[in-house]
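Count along the sequence shown from 1, then add 30; that gives the number in my numbering. Even for Gly, the Cβ is constructed at its ideal location relative to N, Cα and C. Remember, it's a predicted structure, so these values are computed and weren't measured experimentally. Since the structure comes first, as structure tokens, the remarks are kept for the end.
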Amino acid sequence: MITPIHTLADLRADLPITRRCIYLQTGTYAPVPTSTQAYLATRQQEESDVVLASGSKTAGGDFVQQIEAARRQLADFLGVAADEVAWSYNTTTATRLAIQSLPWRPGDKLALTDVEHSSTVKLAEGMAQQLGIQVTVIPTGAGPAYDSGDFLDRLAQQLTSEHRLLIMCHVANTDGRRLPVAAAVQLARERGVKTLIDGAQAVGVFPVNVGAIGADFYSGSLHKWLMGPAGVGFLVVRQAQLSAYNPYWLPRFPNDGLSAGALSEVGTPNHILRLGAAYSLTTLQQIGLPQLEAQMQRLTAQLREGLRGIAGVHNAGPEEWDRSSSITTLQLQDGSLTRCQALVTLLRERYTIITKVRPEVCGVRISLAAFNTEDEIERLLAALATAVKIL
């Protein structure tokens, strides 16, 4: 029987990993709740025994209806229509769907910020190398002193009507800074530039209304703060963009309805993972998304206040919640990448605390989730106070 989850304590109890270590790596993968894993197993068995083995169109149709209900649930969560949502495997594949739907020509210009995910950076480099695309990198500003107004000024100066697309993250995976995506989208639209927002590190941390942001494309994943299984992402294609969106060059006919899913989802997908992602989302919605954000905000404030009391360590990103997220990346005074890697290893092996090196900023990233606790933050701070003295 699947245990109902209604509180943060219930959620933590449903995560065996919390009894083995202090897990501070949700920015890469969240642990999948045991209840979601049980649901996945049940639905996998159902797909094999009921749908496939029966050969029944009715059974298969019921299954597809449940998957479409999951799409509607995700769309409602994101503040968009269901026909604007396409399933993908992760944020990277969703981002590439958007990219390949545009008619690129040699000499076209692409703009992105200097804090994009490495997969986006590599994509831009490949487009420059293989398609002759000119890439403009917009500086966002120094970490702790990051100012969204200064960034928008630089964006206004460097983004022109010659750019075909602006790519920017909603939250930087390197140091957790929150970028002014709605204002940037408006600025780009005034210049006739399409926009693609990478929401991988934002969705599930604080409220994200993709419809209100107004980007032409918004990509994301469900295996981070939404705690779904790996292998499920999404791409939102704005309604006004759907008529031009066709990443796989599918044939179109006059009476065809336009939907991002129909134009993006080719081949046989893993339906079970999508249902599992929706199950995890339901779990979090039962607890209450405001409660989840409030917990992450409290823990983040506790961590950052504690870091200020440790000599030789500082926060690489902004301090305030409305300029950041539940990601905090710490940098070591006079530190090197080797020293950061040694710190991550020491935290894992001596204290069973799981963190991650961020080589782009020569720092150690701490990704807090709502299942983390105040006691875990205190134990992390105590470990850091000792570790930085012996490295």
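To which residues of the same chain is Q95 closer than 7 Å at the C-beta, ignoring the five residues directly before and after it?
none
Are three or more beta carbon pairs between the stretch 110 to 119 and the stretch 288 to 297 nearer than 8 Å?
yes
Just verifying my parser: in three-state terms, what is the DSSP assignment at S456?
The question about residue 456 has no answer, for the chain in this structure spans 31 to 421.
Could you tell me whether the Cβ atoms of C370 and L376 are closer together than 8 Å?
no
Is it the case that the Cβ atoms of G263 and Y69 are separated by a distance below 8 Å?
no
For a test of the three-state rule: what should DSSP assign to C51, helix, strand or coil?
coil
Roughly how many whole angstroms lie between the Cα atoms of S310 and P136?
43 Å
Expressed to the nearest angstrom, what Euclidean distance is found between the alpha-carbon atoms of L226 and A105?
17 Å
Using the beta-carbon count (16 or more within 10 Å), is M31 buried or exposed?
At M31, the pLDDT of 48 sits below 50, so the modelled position is not reliable; the number obtained from the coordinates is stated separately. It counts as exposed.
Proximity below 8 Å, CB of V211 to CB of I163
no
Contact under 8 Å by Cβ, R207 with R353
yes
In whole angstroms, what separates the C-alpha of Q67 from that of V374?
29 Å
Nearest candidate by alpha-carbon position, reference V387, set T403, R380, T368
T368
Taking all protein chains shown into account, decide if L3 is buried (16 or more other Cβ within 10 angstroms of its Cβ) or exposed.
With the chain running from 31 to 421 in the structure shown, residue 3 is simply not present.
Got a sec? Which residues, its chain only, sit under 8 Å from A186 by beta carbon, not counting five neighbours each side?
L217
Decide if the stretch 290 to 305 is in contact with the stretch 150 to 163; the criterion is three or more beta carbon pairs, one per stretch, under 8 Å apart.
no
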